[in-house]
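Engineer: What follows is a structure written as structure tokens; I'll ask about it next.
Below, the structure written as structure tokens:
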């Protein structure tokens with residue numbers, strides 16, 4: 126077993142264990158911290174797949190930004206020591222049956238599906254130079270239109286968040 | 762490409778993560794924990810995009826860019842959702858999904 130394979134099993138065990146805890150924990154702040162562990166372990170997957178830039182984005186934006194935002198909103202809206210009641214039995218059974226049936230079907234289809242790579246395809250190294258060029262290119266394989274659209278989307282989301290959350294002055 | 766790992770290894774993990782997120786979406790009642798489940802689902806989709814990019818089409822970066830945009834949209838979605846949740850909390854003093862059955866106050 127090489128180091129890469131060992132790291133893969135370690136990371137996937139972390140991801141699955143903490144995702145189950147995220148949806149099962151009865152304390153909300155703990156659920157958010159477990160989600161943080163899942164996101165950091167996912168960044169480990171990206172390093173394993175050799176996408177270093179995206180792993181950095183995942184760590185700074187997801188693990189650093191979104192989780193902190195969620196923790197702030199938890200602190201604003203509920204007491205830390207608050208513990209959820211157990212979910213209703215029918216809801217629990219419905220969720221578990223969706224989990225079993227859905228993942229069973231998806232895995233069954235997935236494992237029967239032959240994925241074949243075209244052997245002529247050459248692997249390109251993912252450099253910052255290549256990412257920057259393609260992100261702002263108008264040529265084939267250029268992504269300047271979604272790049273500009275997402276900048277407008279982020280501006281709209283920022284304005285919307287401020288307008289929705291601000292206090293009404295009566 | 763990693764020696765000894767196939768595309769199936771990664772896809773099994775991301776599939777399980779996706780359906781754990783869906784189950785959490787159904788089981789949970791609090792709006793913020795529902796948001797946590799949505800983040801799990803989005804994250805598993807990002808893993809899928811990257812794995813297909815790396816194992817099947819490593820000559821291009823399409824999955825990489827889609828993942829980048831998904832992460833950006835997830836950030837926008839989380840910020841707007843949290844603004845809505847805080848507004849709901851201000852009006853009815855709790856954030857249980859069962860209590861939010863009226864859109865107009």
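Protein chains in written order, with my numbering: chain A, 126 to 295; chain B, 762 to 866. Positions of the beta carbon are idealized from the N, C-alpha and C atoms, including for glycine. These numbers come from a predicted model, not from an experiment.
Can you name the start and end residues of the alpha helix (DSSP H) that residue 207/A belongs to?
Structural biologist: Counted as a single uninterrupted DSSP element, the stretch harbouring residue 207/A is not any alpha helix (DSSP H), since DSSP gives it neither H nor E.
Engineer: Which value, in whole angstroms, describes the spacing of the CA atoms of residue 232/A and residue 187/A?
Structural biologist: The alpha-carbon separation between residue 232/A and residue 187/A amounts to approximately 27 Å.
Engineer: In the DSSP output, what is residue 857/B paired with across the bridge?
Structural biologist: 791/B
Engineer: With a threshold of 8 Å between beta carbons, is residue 841/B in contact with chain A?
Structural biologist: yes
Engineer: Beta-carbon of residue 858/B versus every beta-carbon of chain A: anything under 8 Å?
Structural biologist: no
Engineer: According to the neighbour-count rule (16 or more other Cβ atoms, all chains shown, within 10 Å of its Cβ), is residue 800/B buried or exposed?
Structural biologist: buried
Engineer: Counting only beta-carbon atoms, is residue 263/A nearer than 8 Å to chain B?
Structural biologist: no
Engineer: Measuring straight from C-alpha to C-alpha, what distance separates residue 286/A and residue 180/A?
Structural biologist: 27 Å
Engineer: How would you call residue 843/B, buried or exposed, if buried means at least 16 neighbouring beta carbons within 10 angstroms?
Structural biologist: Counting the other Cβ atoms within 10 Å of the Cβ of residue 843/B gives 16 or more, which makes it buried.
Engineer: Excluding five sequence neighbours on each side, which residues of the same chain lie with their C-beta closer than 8 Å to the C-beta of residue 165/A?
Structural biologist: 184 and 188
Engineer: Using the rule of at least 16 other Cβ atoms within 10 Å of the residue's Cβ for burial, across every protein chain shown, is residue 202/A buried or exposed?
Structural biologist: buried
Engineer: Excluding the 5 residues flanking residue 860/B on each side, which residues of the same chain have their C-beta closer than 7 Å to its C-beta?
Structural biologist: 853
Engineer: Please state whether DSSP places residue 152/A in a helix, a strand or coil.
Structural biologist: strand
Engineer: For the ligand COA, is there any heavy atom lying closer than 7 Å to the beta carbon of residue 285/A?
Structural biologist: You won't find the ligand COA in this model; it holds no ligand whatsoever.
Engineer: Contact defined as beta carbons within less than 8 Å: I believe residue 290/A pairs with residue 847/B. What is the distance between those atoms, to the nearest angstrom?
Structural biologist: 5 Å
Engineer: Please tell me whether residue 193/A has its Cβ less than 8 Å away from any Cβ of chain B.
Structural biologist: no
Engineer: Any beta carbon from chain B within less than 8 Å of residue 183/A's own beta carbon?
Structural biologist: yes
Engineer: Using 8 Å as the threshold, is the C-beta distance between residue 811/B and residue 268/A below it?
Structural biologist: Result no, Cβ atoms of residue 811/B and residue 268/A do not sit closer than 8 Å.
Engineer: Compare the C-beta of residue 815/B against all C-beta atoms of chain A and say whether one is closer than 8 Å.
Structural biologist: yes
Engineer: Using only the alpha-carbon positions, how far apart do residue 158/A and residue 139/A sit?
Structural biologist: 13 Å
Engineer: Any C-beta of chain A sitting closer than 8 Å to the C-beta of residue 802/B?
Structural biologist: Output row for residue 802/B: interface = no.
Engineer: When you compare only the Cα positions, how much space is there between residue 283/A and residue 130/A?
Structural biologist: 41 Å
Engineer: What whole-angstrom Cβ distance do residue 143/A and residue 163/A have, given they're in contact under 8 Å?
Structural biologist: Residue 143/A to residue 163/A, Cβ: 5 Å. Contact.
Engineer: With DSSP run on the structure shown, which of helix, strand or coil describes residue 814/B?
Structural biologist: In the structure shown, residue 814/B sits in a helix (DSSP, three-state: H, G or I).
Engineer: Report the residue from 824/B, 793/B and 791/B whose alpha carbon sits nearest the alpha carbon of residue 806/B.
Structural biologist: 824/B
Engineer: If residue 246/A and residue 255/A are in contact, beta carbons under 8 Å, what's the gap, nearest whole angstrom?
Structural biologist: Contact flag wrong, Cβ pair sits at about 16 Å.
Engineer: Going along chain A in order, which residues have a C-beta closer than 8 Å to the C-beta of residue 789/B?
Structural biologist: 148 and 212
Engineer: Excluding the 5 residues preceding and the 5 following residue 786/B in the sequence, name in chain order all residues of the same chain whose CB lies nearer than 8 Å to its CB.
Structural biologist: 795, 798, 799 and 802
Engineer: Using a 10 Å radius around the Cβ and a threshold of 16 neighbouring Cβ atoms, would you call residue 220/A buried or exposed?
Structural biologist: buried
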